[in-house]
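Here the working numbering is used: position 174 in the sequence shown is 186, and no number is missing along the way. Just so it is clear, CB atoms sit at the ideal spot from N, CA and C, and this is done for glycine as well. All of these numbers come straight from a predicted model, not from anything done at the bench.
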Amino acid sequence: MIAKAHDFLYADKVDRTPERRTLGDEAVNEALRLRPDLSEAHLAAAFHLYICYRDFEKARIQIAIAGRTLSNNSTLLELMALIDQAQGRSETATAALEKARIVDPRNPKLLNALISNYWGLRRYQDAEKILGRLIELKPGQPSFPIFKAMLGADERGDVDGARAACEAVPSSMKDDPWVAGNRVYFAICARDFTAAEEILDENPRKEIFFVGSLVPHQIFALWVEFLRGSHPTLEKFGAAREQLYRKVEADPSDPFLVTALAYADLALGHKEESIQEGRRAMELRPISEDAYQGPLIATDVAEVYALANEPDLSLAQLEVLVKMPCWLLSYGNLKTSPGWDPLRKEPRFDKLLAELAPRD
Numbered sequence: 013m014i015a016k017a018h019d020f021l022y023a024d025k026v027d028r029t030p031e032r033r034t035l036g037d038e039a040v041n042e043a044l045r046l047r048p049d050l051s052e053a054h055l056a057a058a059f060h061l062y063i064c065y066r067d068f069e070k071a072r073i074q075i076a077i078a079g080r081t082l083s084n085n086s087t088l089l090e091l092m093a094l095i096d097q098a099q100g101r102s103e104t105a106t107a108a109l110e111k112a113r114i115v116d117p118r119n120p121k122l123l124n125a126l127i128s129n130y131w132g133l134r135r136y137q138d139a140e141k142i143l144g145r146l147i148e149l150k151p152g153q154p155s156f157p158i159f160k161a162m163l164g165a166d167e168r169g170d171v172d173g174a175r176a177a178c179e180a181v182p183s184s185m186k187d188d189p190w191v192a193g194n195r196v197y198f199a200i201c202a203r204d205f206t207a208a209e210e211i212l213d214e215n216p217r218k219e220i221f222f223v224g225s226l227v228p229h230q231i232f233a234l235w236v237e238f239l240r241g242s243h244p245t246l247e248k249f250g251a252a253r254e255q256l257y258r259k260v261e262a263d264p265s266d267p268f269l270v271t272a273l274a275y276a277d278l279a280l281g282h283k284e285e286s287i288q289e290g291r292r293a294m295e296l297r298p299i300s301e302d303a304y305q306g307p308l309i310a311t312d313v314a315e316v317y318a319l320a321n322e323p324d325l326s327l328a329q330l331e332v333l334v335k336m337p338c339w340l341l342s343y344g345n346l347k348t349s350p351g352w353d354p355l356r357k358e359p360r361f362d363k364l365l366a367e368l369a370p371r372d
């Protein structure tokens, strides 16, 4: 699945590089050395443990220390909610975020987190309500109409609305990696592969968002060519695949990059390597250890299985994921993305669609 990578969903992942860890270690250790009594220093340490190491239990220890004087601090409540999401405590996470919103109702970052939370729970109307509040606080932001249209695409399969919103942004934003990634994604969902290729051909950026990561521009072009039924060659796309492989080597703990590599290898006809990479990505971020990001990876890998002619593996995975919070696995995506075309004749797939279909 082409991950519609909201920057507020992946902000913590983007910062989790080895260099960021080292800088963070130094800053946090120095802050705690200088002011071990300062609650804000312990809160910063908690964020660092969560973002760079995903060490939720140690982060909770730092939160408990900070909470002695910051119990109603919106940032602390937000971090508690993020950890609860990762540990599968959806109701507790939602309650913490709503409490934080009462404490700090004009905090855009907090509202983003709440939108993400409701999106993951497939509570689209609640997410849209919070988005409306965000739009009131920061009117004129060109990305907000895209978010609103994406909610409609996920809830109802409104691909035309999402495409229109993406194309309505100022021309100066159309080549932004996130915007361009969404423009291509929704063109694919509309089966307008010619438009998808034109967007990629006209984009001057070297990298684009794809499956939750910034990847070489040609990797997305490789995927579009594969989905439209062509047979991409290593001669044409080998350099881009090598660039992506080097990114994986530079940060082998990033499951989103490994997933992108699985997509690339599948498109190049390397089915077994692709499946192995998909499984490796799930091992890097298992659902048992991260109930928020783990399902994102597992959904992408289910699509790899589907396109690799492994329908039973794909459907078995989807049947588990559909019962979990996961913004990536939506009615709209299953209904419109060509990545699921190999499953469309399966009664089990129809049942999944019915389970996610709008209720009103």
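### Query
ASN321: which of ILE287, THR271, ILE231 sits nearest, CA to CA?
Reading the sequence shown from its first residue, position 309 is the one you call residue 321. With distances taken between Cα atoms, ASN321 lies closest to ILE287.
ask   = With distances taken between CB atoms, is the gap from ALA272 to PHE222 smaller than 9 Å?
value = Within the sequence shown, the letter at position 260 stands for residue 272. Within the sequence shown, the letter at position 210 stands for residue 222. Between ALA272 and PHE222, the CB-CB gap stays under 9 Å.
Counterpart residues of GLU219 in DSSP-defined beta bridges: As a position in the sequence shown, residue 219 is number 207, starting the count at 1. Looking at the DSSP output, GLU219 sits in a beta bridge with PRO228.
| message | Once DSSP output is grouped into helix, strand and coil, what is the label at LYS186? | response | Residue 186 sits at position 174 when you count from the first residue of the sequence shown. Here LYS186 carries a coil assignment [DSSP, helix/strand/coil].
**Prompt:** Count the other CB atoms within 10 Å of the CB of LYS259; is the residue buried (16 or more) or exposed (fewer)?
**Reply:** As a first step, residue 259 is located in the sequence shown; it is residue number 247 there, counting from the start. Buried.
### Task
Could you check the C-alpha separation between ALA202 and GLU148 for me, to the nearest Å?
Numbered from 1 along the sequence shown, position 190 holds the residue referred to as residue 202. Numbered from 1 along the sequence shown, position 136 holds the residue referred to as residue 148. The straight-line gap from Cα to Cα measures roughly 31 Å.
TODO: Return helix, strand or coil for ARG101, following the three-state DSSP convention.
DONE: Within the sequence shown, numbered from 1, the residue matching residue 101 stands at position 89. In this structure, ARG101 counts as coil in the three-state DSSP scheme.
**Item:** CA-to-CA distance, ALA208 to VAL196, given in whole angstroms
**Value:** For this step, residue 196 is matched to residue 184 along the sequence shown. For this step, residue 208 is matched to residue 196 along the sequence shown. Cα to Cα, the separation comes out at about 5 Å.
| field | ALA98 to ALA125 span [Cα, whole Å] | value | For the purposes of this step, residue 98 is taken as residue 86 along the sequence shown, with counting starting at 1. For the purposes of this step, residue 125 is taken as residue 113 along the sequence shown, with counting starting at 1. The alpha-carbon atoms of ALA98 and ALA125 are separated by roughly 13 Å.
Margin query: Tell me the residue span of the alpha helix (DSSP H) that contains GLY344.
Written below: On the sequence shown, position 332 is the one that residue 344 refers to. 343 to 348 is the extent of the alpha helix (DSSP H) around GLY344.
Rounded to a whole number of angstroms, what is the C-alpha to C-alpha distance between ALA233 and TYR317? Here residue 233 refers to the residue found at position 221 when the sequence shown is read from its first residue. Here residue 317 refers to the residue found at position 305 when the sequence shown is read from its first residue. Their Cα atoms are separated by approximately 20 Å.
Checklist entry - Can you list the beta strand (DSSP E) stretches of 3 or more residues lying completely in the region 289 to 368, in chain order? => result Complete beta strand (DSSP E) runs here, min 3: none at all.
Check: Which same chain residues, not among the five before or five after ALA76, have their C-beta less than 6 Å away from its C-beta?
Finding: As a working note, residue 76 is residue 64 in the sequence shown. No residues qualify anywhere along the chain.
message = I need the boundaries of the alpha helix (DSSP H) containing VAL181, first residue and last residue.
response = The residue you call residue 181 lines up with position 169 of the sequence shown. Annotation for VAL181: no alpha helix (DSSP H) segment contains it, and DSSP assigns it neither H nor E.
For this session: Look at the Cβ atom of ALA139, then the Cβ atom of ILE127, and state whether they are nearer than 9 Å.
Result: Translated into positions along the sequence shown, residue 139 becomes position 127. Translated into positions along the sequence shown, residue 127 becomes position 115. Closer than 9 Å, so yes.
Proximity to LEU163 [Cα-Cα], best of ARG360, ALA366, GLU367, TRP339
What you label residue 163 is simply residue 151 of the sequence shown in a count that begins at 1. Of the listed residues, the one whose Cα sits closest to LEU163 is TRP339.
Report task. Could you tell me whether the region 249 to 258 touches the region 290 to 308, using the rule of 3 or more Cβ pairs below 8 Å? Result -> With a cut-off of 8 Å, the region 290 to 308 and the region 249 to 258 do not count as touching, because too few Cβ pairs lie within range.
Straight-line Cα distance separating GLY132 from PRO378 = The requested residue 378 does not occur in the structure, where the chain is confined to residues 13 to 372.
inquiry  = Please list the terminal residues of the continuous alpha helix (DSSP H) segment that includes HIS60.
reply    = For this step, residue 60 is matched to residue 48 along the sequence shown. From DSSP, the alpha helix (DSSP H) with HIS60 extends over 51 to 60.
If you follow the alpha helix (DSSP H) that PRO267 is in, where does it begin and where does it stop?
Here residue 267 refers to the residue found at position 255 of the sequence shown. Taken as a continuous stretch (DSSP letters only), the alpha helix (DSSP H) holding PRO267 covers 267 to 279.
inquiry  = Taking the alpha helix (DSSP H) that THR206 belongs to, which residues open and close that run?
reply    = Here residue 206 refers to the residue found at position 194 of the sequence shown. Unbroken alpha helix (DSSP H) run through THR206: 205 to 214.
Using only the alpha-carbon positions, how far apart do LEU364 and LEU123 sit?
Within the sequence shown, the letter at position 352 stands for residue 364. Within the sequence shown, the letter at position 111 stands for residue 123. In a straight line, the C-alpha of LEU364 is about 30 Å away from that of LEU123.
message = So the candidates are LYS357, MET92, LEU55, PRO151; which of them puts its Cα closest to the Cα of ALA112?
response = In the sequence shown, residue 112 corresponds to position 100, counting from 1. When C-alpha distances from ALA112 are compared across LYS357, MET92, LEU55, PRO151, the shortest belongs to MET92.
Open item on the list: Do ASN129 and SER86 have their beta-carbon atoms positioned less than 9 Å apart in this structure?
Closed with: Numbered from 1 along the sequence shown, position 74 holds the residue referred to as residue 86. Numbered from 1 along the sequence shown, position 117 holds the residue referred to as residue 129. In this structure, ASN129 does not lie closer than 9 Å to SER86 by Cβ.
Answer yes or no: do ASP187 and PRO216 have a C-beta to C-beta separation smaller than 9 Å? For the purposes of this step, residue 187 is taken as the residue at position 175 of the sequence shown. For the purposes of this step, residue 216 is taken as the residue at position 204 of the sequence shown. Taking a C-beta distance under 9 Å as the contact criterion, ASP187 and PRO216 qualify as a contact pair.
message: The alpha helix (DSSP H) that contains ASN85, what's its start and end?
response: As a first step, residue 85 must be located in the sequence shown, where it is residue number 73. Element bounds for ASN85: n/a, residue is neither H nor E.
Checking 9 Å against the spacing of the C-beta atoms, do ASP116 and THR104 come in under that value?
Along the sequence shown, one-based indexing puts residue 116 at 104. Along the sequence shown, one-based indexing puts residue 104 at 92. Result no, Cβ atoms of ASP116 and THR104 do not sit closer than 9 Å.
First and last residue of the uninterrupted alpha helix (DSSP H) at GLN255
Translated into the one-based positions of the sequence shown, residue 255 becomes position 243. From DSSP, the alpha helix (DSSP H) with GLN255 extends over 246 to 262.
Nearest residue (CA-CA) to GLY381, options LEU355, TYR275, PRO337, ALA78:
Since the displayed the chain opens at 13 and closes at 372, residue 381 lies outside it and no answer follows.
Checklist entry - Would the beta-carbon of ALA174 fall within 9 Å of that of ALA161? => result Locating residue 174 in the sequence shown gives position 162, counting from the first residue. Locating residue 161 in the sequence shown gives position 149, counting from the first residue. Taking 9 Å as the Cβ cut-off, ALA174 and ALA161 qualify as a contacting pair.
Check your understanding: With 16 other CB atoms within 10 Å as the buried threshold, where does THR245 fall?
Key -> The sequence position of residue 245 within the sequence shown is 233, counting from 1. Per the 10 Å Cβ criterion, exposed.
### Task
Taking 9 Å as the cut-off, decide whether the C-beta atoms of PRO154 and MET185 are in contact.
Along the sequence shown, read from residue 1 onward, the residue named residue 154 stands at position 142. Along the sequence shown, read from residue 1 onward, the residue named residue 185 stands at position 173. Contact flag set, yes.
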